Amino acid sequence: MHHAVASQCGMATKGLEGAGADPPDEVQVRQLEQLLDRVPAPLVPLDVSALDGFLCGVLLQPKVVDAAEWLRWVTDIEGRPLPAGFDAEPLHALILKRHGQLRRAIAARAWFDPWVFELEADAAPSESVLPWVAGFAAAMDQFPALSMRSDPALLEPMALLYMHFDAEDLEQGDALQSLIETLEPPEDLAEAVQDLVRSVMLMADVSQPRPAAGPARRKR
């Protein structure tokens, strides 16, 4: 993965009305892109779209994952440490800012705009969302607590995400594979982006259920 996409492609936003996280900050995206480009070889950092999906995968885990455990997977897909002397503070600060935005949106079950970028006009929606989904899958690989749950309520949202991979690249169970085969691909990028957010919220309902409202008090 490489991260020169934001300067070449427009950010795809659904723009639904209603409360949610902060609107997409293209300045923040470009700053992150520039800082990720400075991560020295041979390290291979996530691009900004994969980073966004990765953060959602981390945030959906049943137990909080400390930043010290997941940040190294952002700056290198193999988790190798940054070299001594590399000033990671500005990069980490921006990553944690986005982490906080997504955490608040997920906790409130509110719409957020995934960092997904439009490609060429004739590109299939799956091509545009695939980097985001790949980042999410990377988080599931490194932090498998959520994906190891056998709750059937996870099948639909997982299928909506993993349907964007080529079938031969999937290493999922038979039930998920069967469900993916029944799904129609999204008609456009807006629908694909909406499915990303919907999947995140459905998984949050499983891994981080919101407390049920208590009985209403009787009026006196």
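Counted from 1, the sequence shown has number 43 at position 61 by the working numbering; the numbering is strictly sequential. Where a beta carbon is used, it is the ideal one built from N, C-alpha and C, also for glycine. Values in this document were obtained by computation on a predicted structure and should not be read as measured data.
Let me know if glycine 35 comes out buried or exposed under the rule of 16 or more other beta-carbons within 10 Å of its beta-carbon.
-> buried
Can you tell me which of the three DSSP states valine 98 falls into?
-> Strand at valine 98.
Assigned exposure category for methionine 122 - 16 Cβ within 10 Å defines buried = buried
If we ignore side chains and look at the alpha-carbon of each, how far apart do serine 189 and alanine 127 end up?
-> 9 Å
Let me know the alpha helix (DSSP H) ranges lying completely inside the segment 108 to 137, each 4 residues or longer, listed in chain order.
-> Positions of the alpha helix (DSSP H) runs, each at least 4 residues long and wholly inside the segment 108 to 137, cannot be given because no such run exists.
Exposed or buried, serine 160, counting other C-beta atoms within 10 Å across all chains shown (16 or more means buried)?
-> exposed
For isoleucine 59, which of helix, strand or coil comes out of DSSP?
-> coil
Once you ignore the five residues that flank serine 40 on each side, which residues in its own chain have a CB closer than 7 Å to its CB?
-> Residue identity differs from the one stated: residue 40 is valine in this sequence, not serine. Here the set comprises Val47, Trp52, Ala121 and Phe125.
Cα separation between alanine 32 and phenylalanine 99?
-> So the alpha carbons of these two residues sit roughly 11 Å apart.
In the structure shown, what three-state DSSP assignment does lysine 45 receive?
-> Here lysine 45 carries a coil assignment [DSSP, helix/strand/coil].
Among Ala135, Leu112 and Met130, which one has its Cα closest to the Cα of methionine 145?
-> Leu112
Is it true that the CB of alanine 70 sits closer than 7 Å to the CB of leucine 64?
-> yes
Comparing alpha-carbon positions, which option in Arg54, Ala105, Glu102 and Ser132 lies nearest histidine 74?
-> The closest CA to that of histidine 74, considering only Arg54, Ala105, Glu102 and Ser132, is found on Arg54.
Contacts around leucine 37, its chain only, beta-carbon distance under 7 Å, and the 5 residues preceding and following it disregarded | Arg80, His81 and Leu84
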